[in-house]
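Visitor: Dumping the structure here so I can ask a few things about it.
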Amino acid sequence: MKVIVTGYLAELAGGGELQFNAEDYQDLSLRNFLDSFLFENYSALKPRIINEKGCLREHIAVFVDSSRIRQLDDRLVIDAESEIYILPALSGG
Amino acid sequence: MKKTILLLGTIKGLFIATSDGERRTWELAGPYFPGTQIYAVAFNNRNNRIWVSSNNPFYGNELIFSDDLGASWTKPEMPLVSFPSEGDESLLNIWQIKPSIHDSQTIFCGVQPACLFVSRDGGASFTPVEGFYSHPHRKEWMPGAGGLCLHTIIEDLDDPEILWTAVSTGGVYKTSDGGVNWAPKNKGIVAPFLPDTEPEFGQCVHKMVQHPTNPQTLFLQHHWGVYRSDDGGESWNNIGGELPSDFGFAMAISPVAPHPLYVIPLKSDEFRCCPDGKLAVYRLGAAGSWECLDDGLPDKNCYETILRDALSVDDAGGIYFGTRNGKLWSSVENGETWRLLFDALPAVLNVKAYQVI
Chain A
3 MKVIVTGYLA ELAGGGELQF NAEDYQDLSL RNFLDSFLFE NYSALKPRII
53 NEKGCLREHI AVFVDSSRIR QLDDRLVIDA ESEIYILPAL SGG
Chain B
2 MKKTILLLGT IKGLFIATSD GERRTWELAG PYFPGTQIYA VAFNNRNNRI
52 WVSSNNPFYG NELIFSDDLG ASWTKPEMPL VSFPSEGDES LLNIWQIKPS
102 IHDSQTIFCG VQPACLFVSR DGGASFTPVE GFYSHPHRKE WMPGAGGLCL
152 HTIIEDLDDP EILWTAVSTG GVYKTSDGGV NWAPKNKGIV APFLPDTEPE
202 FGQCVHKMVQ HPTNPQTLFL QHHWGVYRSD DGGESWNNIG GELPSDFGFA
252 MAISPVAPHP LYVIPLKSDE FRCCPDGKLA VYRLGAAGSW ECLDDGLPDK
302 NCYETILRDA LSVDDAGGIY FGTRNGKLWS SVENGETWRL LFDALPAVLN
352 VKAYQVI
């Protein structure tokens, strides 16, 4: 299980490929994974990825494997093999 | 003679231009925070700190500071300015940073969506000014083309409880009790873009400035009209009749006596470029008439836009303005002649001149 970030997010995280222990998040929703694991371990990423209302920023693109995620939907479940990409969206310029 | 620094906020980052003592030779540093939009900058001369609002289209806004004139920068890990998470608003931009003239620990920020934030701990943390945040008019304001922003913060010279703010589009609001209560102060400002052309609020103030020695005298550039108040905003009179256009964004007043006021007229709210392809700054003299200052500026084929914070003055008669085509013009002679300092910057959003060292 890993999260791939680029550019400024990688700078803030101290690296572009962030590994997580698969046993910790079996059957976890993407939203819960971000809140409980990614943002817990890399707190500076949170306000750059979501806004004060908890919504994904307009020009941030999230992919789980190759699928684009438009909203941080609680129902989307990730698994041990998932790769999450958090990238600057082309729409941002 | 002190050096002048120009903090130049652009759509692609911050630049800092530093002059020699005569302001003849300039060195340009930057871009700092490349790729981000710099809508607000400020220099706090109490502690020589530069504040920068860096608005990243992907990752949101960061308030950043430097204590060594840009040699190094401090980026707080977590954003300093954000709306309460229990509300329904999120920060889109910071349009104004205003270190208080009354104490070293107070700093104001005007933001988008239009609201006023304050820090009472030197900028370590900011919170919304409650009386402004909960004002019932806020939900009735409308955004202009640039967004719904609080872009001007003015303090009374003597009483720290008195503040004026200007919102586009909402108008002028004043507090006399340190921010608990806010009242609209728009009487006399005509809003031709509304069915009721003289509403209590809803005016589209583009920029407001205060006379350097008489805090009751205010000037503002409206969406249409240049206005003056001599009673702290209780009433306004249009003084823009002689200008080639009384539409525009930028306005500045010199700290040097007799404190001339400067505006840069633009043609109409549908075109928003300088009239007739001719770039000119206009000065309101002590006698109350407008003088055209265009020696050295293009007099044909020039279609520039000068935005609300892209005009600034220093303490020695210097005037500086930046354009949306990335040009930076200066005059060190009170506008009598102009010189192009830089001709290919990114679109200029913000120019602030300070004398340092």
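Residue numbers (my numbering), protein chains in the order written: chain A, 3 to 95; chain B, 2 to 358. Idealized CB from N, CA, C, for every residue including glycine.
Let me confirm a value: methionine 252(B) is counted as buried when at least 16 other C-beta atoms fall within 10 Å, else exposed. Which label applies?
Guide: By the 10 Å Cβ count, methionine 252(B) comes out buried.
Visitor: Go ahead and pull the three-state DSSP assignment for tyrosine 134(B).
Guide: Here tyrosine 134(B) sits in helix by DSSP.
Visitor: From the beta carbon of isoleucine 86(A), is the nearest beta carbon of chain B less than 8 Å away?
Guide: So no, isoleucine 86(A) is outside the interface.
Visitor: Considering just the uninterrupted stretch of the beta strand (DSSP E) at serine 269(B), what are its terminal residues?
Guide: Counting along the chain, serine 269(B) falls outside any beta strand (DSSP E), though it belongs to the alpha helix (DSSP H) covering 269-272.
Visitor: Against tyrosine 44(A), what residues of chain B qualify as contacts under a CB-to-CB distance less than 8 Å, listed in chain order?
Guide: Here the premise fails: no neighbours, minimum Cβ distance about 10 Å.
Visitor: Per DSSP, what kind of secondary structure is glutamate 54(A) in: helix, strand or coil?
Guide: Coil, per DSSP.
Visitor: Relative to the C-alpha of tyrosine 263(B), which residue among Phe272(B), Gly286(B), Ser269(B), Thr11(B) is closest?
Guide: Of Phe272(B), Gly286(B), Ser269(B), Thr11(B), the residue nearest in Cα terms is Gly286(B).
Visitor: To the nearest angstrom, how far is it from the Cα of asparagine 238(B) to the Cα of isoleucine 51(A)?
Guide: Between asparagine 238(B) and isoleucine 51(A), the C-alpha separation is close to 47 Å.
Visitor: Would you kindly report the start and end of the unbroken beta strand (DSSP E) that includes asparagine 94(B)?
Guide: Segment 94-100, the beta strand (DSSP E) holding asparagine 94(B).
Visitor: What ranges does the alpha helix (DSSP H) occupy inside the segment 244-317 of chain B, keeping only unbroken runs of at least 4 residues that lie completely in it?
Guide: Qualifying alpha helix (DSSP H) stretches, in chain order: 269-272.
Visitor: Which residues in the same chain have their Cβ closer than 7 Å to the Cβ of tyrosine 40(B), if we skip the five residues on either side of it in sequence?
Guide: Cβ neighbours of tyrosine 40(B) beyond the five flanking positions: Gly10, Ser54, Asn56, Asn94, Ile95, Trp96, Leu350, Asn351.
Visitor: Contact check, leucine 346(B) vs phenylalanine 16(B) under 8 Å by CB: the rounded distance?
Guide: Indeed, because the Cβ distance is near 6 Å, the residues count as touching under 8 Å.
Visitor: Report yes if the C-beta distance between serine 38(A) and aspartate 76(A) is below 8 Å; otherwise report no.
Guide: Contact flag unset, no.
Visitor: Decide if serine 20(B) is buried, meaning its Cβ has at least 16 other Cβ atoms within 10 Å, or exposed.
Guide: Serine 20(B) should be labelled buried.
Visitor: Which stretch, first to last residue, makes up the alpha helix (DSSP H) that contains arginine 33(A)?
Guide: Segment 32-35, the alpha helix (DSSP H) holding arginine 33(A).
Visitor: Whose Cβ in chain A lies nearer than 9 Å to the Cβ of isoleucine 86(B)?
Guide: The sequence as given places serine at residue 86(B); isoleucine does not occur at that position. Per Cβ cutoff of 9 Å: Glu54, Lys55, Gly56.
Visitor: By DSSP, does alanine 125(B) sit in helix, in strand, or in coil?
Guide: The answer is coil: DSSP assigns alanine 125(B) none of H, G, I, E or B.
Visitor: Just the Cα atoms here: how many angstroms apart are glutamate 360(B) and leucine 40(A)?
Guide: Only positions 2 to 358 of chain B appear in this structure, which leaves residue 360(B) out of reach.
Visitor: Can you pull out the residues from the segment 62-77 of chain A whose beta carbon lies closer than 8 Å to at least one beta carbon of chain B?
Guide: Those residues of the segment 62-77 of chain A that come within reach of chain B (Cβ to Cβ, closer than 8 Å) are Ile62.
Visitor: Quick check on aspartate 247(B): buried or exposed, where buried means 16 or more other Cβ atoms within 10 Å of its Cβ?
Guide: With 16 or more Cβ atoms within 10 Å of its Cβ, aspartate 247(B) is classed as buried.
Visitor: Which two residues bound the contiguous beta strand (DSSP E) that contains alanine 12(A)?
Guide: That residue, alanine 12(A), is in no beta strand (DSSP E); its alpha helix (DSSP H) goes 9-15.
Visitor: Spatial neighbours of serine 290(B) within its chain, please: CB distance less than 8 Å, with the 5 preceding and 5 following residues excluded, ordered by chain position.
Guide: Excluding sequence neighbours, serine 290(B) sits near Glu243.
Visitor: Can you check whether the C-beta of tyrosine 60(B) is within less than 8 Å of a C-beta belonging to chain A?
Guide: Chain A, which has a Cβ nearer than 8 Å to the Cβ of tyrosine 60(B), makes this yes.
Visitor: Counting contacts by CB-CB distance shorter than 8 Å, is proline 80(B) in contact with chain A?
Guide: Interface residue, yes.
Visitor: Along the chain, where does the beta strand (DSSP E) containing methionine 209(B) start, and where does it finish?
Guide: Note, methionine 209(B): beta strand (DSSP E), 206-211.
Visitor: For aspartate 232(B), tell me which candidate among Asn187(B), Arg121(B), His207(B), Lys208(B) has the shortest Cα-Cα distance.
Guide: The shortest C-alpha separation from aspartate 232(B) is found at Asn187(B).
Visitor: Is the beta carbon of proline 58(B) less than 8 Å from the beta carbon of histidine 61(A)?
Guide: Yes, Cβ-Cβ distance for proline 58(B) and histidine 61(A) is below 8 Å.
Visitor: Using a C-beta to C-beta distance shorter than 8 Å, which residues of chain A count as neighbours of serine 83(B)?
Guide: Per Cβ cutoff of 8 Å: Pro49, Glu54.
Visitor: Can you tell which of Leu58(A), Glu54(A), Ala82(A), Asn43(A) has its C-alpha closest to the C-alpha of leucine 14(A)?
Guide: Nearest option by C-alpha distance: Asn43(A).
Visitor: Could you tell me if leucine 341(B) is buried or exposed, where buried requires 16 or more neighbouring beta carbons within 10 angstroms of its beta carbon?
Guide: Result: exposed.
Visitor: Secondary structure at arginine 139(B), three-state DSSP: helix, strand or coil?
Guide: In this structure, arginine 139(B) counts as helix in the three-state DSSP scheme.
Visitor: Under 8 Å between C-beta atoms, does leucine 346(B) make it to chain A?
Guide: No, no contact with chain A.
Visitor: For glutamine 21(A), which beta-bridge partners are listed by DSSP?
Guide: Lys4(A), per the DSSP bridge assignment.
Visitor: Please list, in chain order, the residues of the segment 216-248 of chain B that have any C-beta partner in chain A closer than 7 Å.
Guide: Listed by position, the residues of the segment 216-248 of chain B near chain A (Cβ gap below 7 Å) amount to none.
Visitor: Which residue wins for smallest C-alpha separation from serine 119(A), given the options Glu54(A), Asp81(A), Arg59(A)?
Guide: This structure does not reach residue 119(A), given that chain A is present from 3 up to 95, and the question cannot be answered.
Visitor: List the residues of chain A that serine 91(B) touches, going by C-beta distances under 8 Å, in chain order.
Guide: In chain order: Asn53, Glu54, Lys55, Cys57.
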